[in-house]
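Residues 491 to 853 in the working numbering are what the sequence shown lists, from first letter to last. Worksheet for the structure shown next.
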Amino acid sequence: MHHLFLRFAVVLLLAGSFSVRALDRTNEVFKIYQFPADKIPTMDGLTNDWNIVPESYVIGSEQLVDDNGKHQVTDASTPKIRVKVGWVKGLNRLYFLYEAEDDYWDFAQPDLHNDTFEVVVDGDLSGGPLIEKFSPAKPFLGQWETYFALQGTHAQNYHIFTPAKDKDWCMVWGPAQWLKELPYANAAQKYDFLPGQPGHYALEFWITPFDYAGAEGPQRAVESVLKENKLIGMSFALIDYDDVNSGSTNNGFWNLSRHHTMYGQADQLCAFKLMPLEPHFRKAIDAQWSFQVVDMERRLVAFKDLSVGEIKSWHWDFGDGETSTEPNPIHAYKNPDHYVVVLDVEGPAGKARHSKVWNVVVK
Ligand SMILES: [Ca+2]
Ligand SMILES: [Ca+2]
Ligand SMILES: [Ca+2]
């Protein structure tokens, strides 16, 4: 019974209220696990740092469909995969653990003929074509102008080689090849089989999704901002090769989206939600706050409560001898200085305090 529950918990079901335009599998939202900041996975190919991710976050082979009709049902040659996706509040990164069992690991070639995990991500649900051949501008611009102007700019496609031996860890399908290097991505894999052998493969990686990632390099690029409870678009596919002599012909293409062309159409991605911390990592009460100088001439500062838990009372000490009991006060300082501001909060779970030393400065 417990096991059955876990399998159903893989996706959150939204009863018909899902209004995001033109996504695939629109009655489902897949979950992205939030790692606590002191438990960020290390990219070393060792999977132990992912053990805290509950089974309800795992996306397995049973969620993928064979959209090219080579295998109507899974058989012994179908790789068995398990995928966990994570994020960390404050970082615009998506973390992945990819584990797979295959009867024939095909990775001796230096080209695209390689067992592959393909990930497509649209960090702001902009939708639209991300591969030149789907662009409405192609008839006017031509293939290569369209490629450099459009491909991968607002949603990205990574062909990840599993394993990657004597080659880059992935092919970013577009001109922005800088996306697969630090500080925008990192990867580490572990396996102990030779080409053509069966075995277990583990890959950890993280990528940075971009709302704009241009061919010219990162200087004009805009990262997708990852925030708690935000939805992003994503799909992934497994491309299996089981014969080193088969040229470019693969053995199957298993897809999370039900549309094969999700590889180049962001409208066909699935919804993924950046989840809050699991309850056991949340504090019952925790004081947090931010501020913004609204008007430096009047030394006017807006304070914003970001405390966690049920809060019944607030006490702000602005550091100039004045105080407030409002949740989100606006305070005018009389003199230029740097201030120590302290917020004390109280609720059913107890008390909490947070101070910032010399963050609030007015002139
Ligand atoms: Ca690790
Ligand atoms: Ca294979
Ligand atoms: Ca986008």
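All C-beta atoms in this analysis are idealised placements derived from N, C-alpha and C, irrespective of residue type, glycine included.
With a threshold of 7 Å, establish whether the CB of E589 neighbours any heavy atom of ligand 1. Position 99 of the sequence shown holds residue 589. E589 Cβ: outside cutoff for every heavy atom of ligand 1.
(request) Tell me W806's beta-bridge partners as DSSP assigns them. (result) As a first step, residue 806 must be located in the sequence shown, where it is residue number 316. Its beta-bridge partners are S814 and L833.
Item to complete: Measure the C-alpha to C-alpha separation of L536 and Y681 and round it to an integer number of angstroms.
Response: For the purposes of this step, residue 536 is taken as the residue at position 46 of the sequence shown. For the purposes of this step, residue 681 is taken as the residue at position 191 of the sequence shown. When only Cα atoms are considered, L536 and Y681 end up about 10 Å apart.
Problem - Per DSSP, cross-strand counterpart(s) of K560 - result: Within the sequence shown, the letter at position 70 stands for residue 560. The partner list for K560 (beta bridge, DSSP) is empty, contrary to what the question assumes.
Worksheet item: Is D528 near ligand 1, in the sense that its beta carbon is under 7 Å from a heavy atom of that ligand?
Response: Counting from 1 along the sequence shown, the entry for residue 528 is found at position 38. No, ligand 1 has no heavy atom inside 7 Å of this Cβ.
Q: Kindly confirm or deny that the region 628–645 and the region 772–790 touch, where touching means at least three C-beta pairs closer than 8 Å.
A: The region 628–645, when compared against the region 772–790, does not touch it at the 8 Å Cβ threshold.
Fill in: For M724, the nearest candidate out of N741, G618 and N740 (CA to CA)
Here the question's residue 724 lines up with position 234 in the sequence shown. The shortest C-alpha separation from M724 is found at G618.
| said: What residue range does the beta strand (DSSP E) around T643 cover? | reply: Along the sequence shown, read from residue 1 onward, the residue named residue 643 stands at position 153. Counted as a single uninterrupted DSSP element, the stretch harbouring T643 is not any beta strand (DSSP E), since DSSP gives it neither H nor E.
- Task: With a cut-off of 8 Å on the beta carbons, I'd call N558 and G704 a contact; round off their distance for me.
- Result: Within the sequence shown, residue 558 is the residue found at index 68, counting from 1. Within the sequence shown, residue 704 is the residue found at index 214, counting from 1. About 32 Å separates the beta carbon of N558 from that of G704, a gap too long to meet the 8 Å contact definition.
Checklist line | C-beta atoms of F683 and Q646 nearer than 8 Å | finding: To locate residue 683, count along the sequence shown from 1; it is residue 193. To locate residue 646, count along the sequence shown from 1; it is residue 156. No, they are not a contact pair.
* To do: State the DSSP-derived secondary structure class of K657, mapped to helix, strand or coil.
  => For this step, residue 657 is matched to residue 167 along the sequence shown. Looking at K657 - three-state DSSP - the assignment turns out to be coil, as it is neither helix nor strand.
* Asked: Residues in its own chain within less than 8 Å of T813 by CB, not counting five upstream and five downstream?
  -> For the purposes of this step, residue 813 is identified with residue 323 of the sequence shown, where counting begins at 1. Closer than 8 Å at the Cβ level, and outside the excluded window around T813, lie H805, W806 and D807.
Which whole-angstrom value is the C-beta distance of S616 and L640, which I expect to be below 8 Å?
Looking up residue 616 in the sequence shown gives position 126. Looking up residue 640 in the sequence shown gives position 150. At roughly 12 Å, the Cβ-Cβ gap does not stay under 8 Å, so S616 and L640 are not in contact.
Identify, in the order they occur along the chain, each residue of the same chain with its Cβ nearer than 8 Å to the Cβ of G689, setting aside the five sequence neighbours on each side. Sequence index remark: in the sequence shown, residue 689 carries index 199 (1-based). Short of 8 Å from the beta carbon of G689, and not among the five residues preceding or following it, lie these beta carbons of its own chain, in chain order: E591, D592, W595, Y681, D682 and F683.
Legend entry - Residues proximal to ligand 2 by C-beta, any heavy atom closer than 7 Å: In chain order, the qualifying residues are P569, D592, Y594, W595, D596, D605, D730, Y731, D732 and N741.
If you reduce the DSSP assignment to three classes, tell me which class A711 lands in. Here residue 711 is taken as the residue at index 221 of the sequence shown, counted from 1. In this structure, A711 counts as coil in the three-state DSSP scheme.
- [ ] Just confirm the distance between the C-beta atoms of F726 and V830, as a whole number of angstroms; I'd bet it's less than 8 Å.
- [x] For the purposes of this step, residue 726 is identified with residue 236 of the sequence shown, where counting begins at 1. For the purposes of this step, residue 830 is identified with residue 340 of the sequence shown, where counting begins at 1. Not quite, the Cβ-Cβ distance comes to about 48 Å (not below 8 Å), so this is no contact.
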